[in-house]
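In UniProt numbering, the protein residues as written are 1 to 216.
Note that CB positions come from ideal geometry on N, CA and C, so glycine has one too.
Computed from a prediction, not measured in an experiment: that's the story for all the values here.
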Amino acid sequence: MTDLKFCFPEDIPSQFASFDGKIPQMGVGKTGKIGFLKLTLESDSQRNKTIITEQLSRVPLYVQKALYYDETIPSMAHLFILSPSGGVLQGDRYRTDIELKNGATSHITTQGATRMYKMNSNYATQMINLNVGKNCYLEFLPEQLIPYKNSRYYQRATFNVDDSATLVYSETIVPGRVAMGELFDYDICCLKTLCYDDKQEMKFHDNCILQPKNKQ
């Protein structure tokens, strides 16, 4: 489940072909280059709160225990996705699978901004799969994406949302490390978002490809 094929999106845009080079240090698929996180959350009627019923992770992705600090919604599980690497490196392949069942409610975010570091070889990818079941409510609000100079990043987010459920999702990308003089200096950033209902009918499809160095 945590091998390279499982964590590597099969629909890489053709624009990434020119960057598909061998990494001289830790190559694609090596230990520490594949991050995987799988979470299942369900409503616990006895404790009147949403709890984690299944958790599987592979560094550099993991999650801390659920917190319950919203007094207006005391049953909501607040989770922070963590990474000890501090950012996304060349050759990284990340995958996050999150499922909510049985009326679960949760707010999930990241520990901080996702930094895409400078890349001399290859590129980085991330897959995000959110399944929001019947009568569930999920806020998935990661911090902003910060693409460093010469970075290359592909993200595919796929949502399956029941007609009775609610998903709140945000995606923010900044021009780069503006304070360091980097303004749209990254090579490519592609953000693909797909959303389906409980009948597997597509609700929307958004595909954003940013290549600021391409003047055409």
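In this structure, how does DSSP classify residue i when only helix, strand and coil are distinguished?
{"i": "Gln55", "result": "strand"}
{"i": "Gln155", "result": "strand"}
{"i": "Ser85", "result": "coil"}
{"i": "Val174", "result": "coil"}
{"i": "Gln126", "result": "strand"}
{"i": "Pro9", "result": "coil"}
Can you list, in chain order, the residues of its chain whose CB lies under 8 Å from that of residue i, leaving out five sequence neighbours each side?
{"i": "Gln144", "result": "Ala113, Thr114, Thr172, Ile173, Val174"}
{"i": "Ser75", "result": "Ser43, Asn48, Lys49, Thr50, Tyr68, Thr105"}
Considering only the alpha carbon of each residue, which of the options lies closest to residue i?
{"i": "Arg47", "options": "Pro147, Ala104, Ile34", "result": "Ala104"}
{"i": "Asp11", "options": "Phe140, Ala77, Ser83, Tyr154", "result": "Tyr154"}
{"i": "Gln55", "options": "Gln90, Ile73, Leu79", "result": "Leu79"}
{"i": "Asn135", "options": "Ser83, Ala124, Ser43, Tyr196", "result": "Ser43"}
{"i": "Tyr123", "options": "Gly91, Lys5, Leu39", "result": "Gly91"}
{"i": "Gln200", "options": "Ile188, Tyr137, Tyr169, Val132", "result": "Val132"}
{"i": "Asp197", "options": "Glu182, Phe184, Val161", "result": "Val161"}
{"i": "Lys38", "options": "Leu61, Tyr186, Met116", "result": "Leu61"}
Tell me which residues share the same chain as residue i and place their Cβ nearer than 6 Å to its Cβ, disregarding the 5 neighbours each side in the sequence.
{"i": "Cys190", "result": "Pro13, Tyr154, Ile209"}
{"i": "Leu194", "result": "Thr158, His205"}
{"i": "Arg156", "result": "Pro9, Met127, Lys192"}
{"i": "Phe16", "result": "Tyr123"}
Can you grab the Cα-Cα spacing for the pair residue i / residue j, in whole Å?
{"i": "Asp20", "j": "Asn150", "result": "14 Å"}
{"i": "Ser18", "j": "Ser121", "result": "10 Å"}
{"i": "Lys65", "j": "Ser85", "result": "19 Å"}
{"i": "Met119", "j": "Asn214", "result": "17 Å"}
{"i": "Gln211", "j": "Glu182", "result": "14 Å"}
Please list, in chain order, all residues of the same chain as residue i whose beta carbon is under 7 Å from its beta carbon, the five residues on each side excluded.
{"i": "Arg177", "result": "Ile146, Tyr148"}
{"i": "Arg34", "result": "The sequence shown places Ile at residue 34, rather than the Arg named in the question. Excluding residues within five positions, the ones whose Cβ falls inside 7 Å are Thr2, Leu4, Cys7, Arg58, Arg93."}
Rounded C-beta distance between residue i and residue j? I'm assuming under 8 Å.
{"i": "Gln111", "j": "Leu138", "result": "That belief does not hold up - the Cβ atoms of Gln111 and Leu138 are roughly 18 Å apart, past 8 Å."}
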